[in-house]
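In the numbering used here, the protein residues as written are 6 to 131.
Right under this line is the structure:
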């Protein structure tokens with residue numbers, strides 16, 4: 006069973022991402038967190054395979070969380086979602102091994118990331 010963690014301080018944004026994930030990967034379990042600390046608590050309590058992070062959050066931003074997650078789980082597929090399409094943000098996301106996904110998130114914008122994540126997980130035997 007594959008589990009995706011959706012991290013965004015906006016409940017509406019989490020619902021939108023959750024619906025897109027459900028449409029593209031209906032068999033995946035979806036978990037949610039409203040900030041980096043909640044996300045880390047969820048990761049302590051559950052086996053999470055894929056993470057979709059918002060960039061702008063109170064406390065640590067999504068990029069900082071992505072870097073922390075990458076250090077813990079080198080192979081985990083991570084997407085960083087933001088409307089902030091500055092080259093510096095995109096570059097740091099890539100450096101952290103995260104896939105940049107522009108906001109607003111749609112099924113189309115998530116499709117490539119999720120299908121790549123599913124393939125990577127299958128190859129890893131998960």
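Glycine residues also receive a C-beta, built at the ideal position from the N, C-alpha and C atoms.
Based on the DSSP output, what are the partners of residue 37 in its beta bridges? 11
Counting pairs of Cβ atoms below 8 Å between the stretch 42-59 and the stretch 7-26, do you hit three or more? yes
Contact with chain D by residue 27, beta-carbon distance below 8 Å: Of the chains in the structure shown, none is chain D; there is only one protein chain.
Excluding the 5 residues preceding and the 5 following residue 125 in the sequence, name in chain order all residues of the same chain whose CB lies nearer than 8 Å to its CB. 80 and 82
Can you round the beta-carbon distance between residue 71 and residue 25 to whole angstroms, since I take them to be within the 8 Å contact cut? With a Cβ gap of about 19 Å, residue 71 and residue 25 do not count as contacting.
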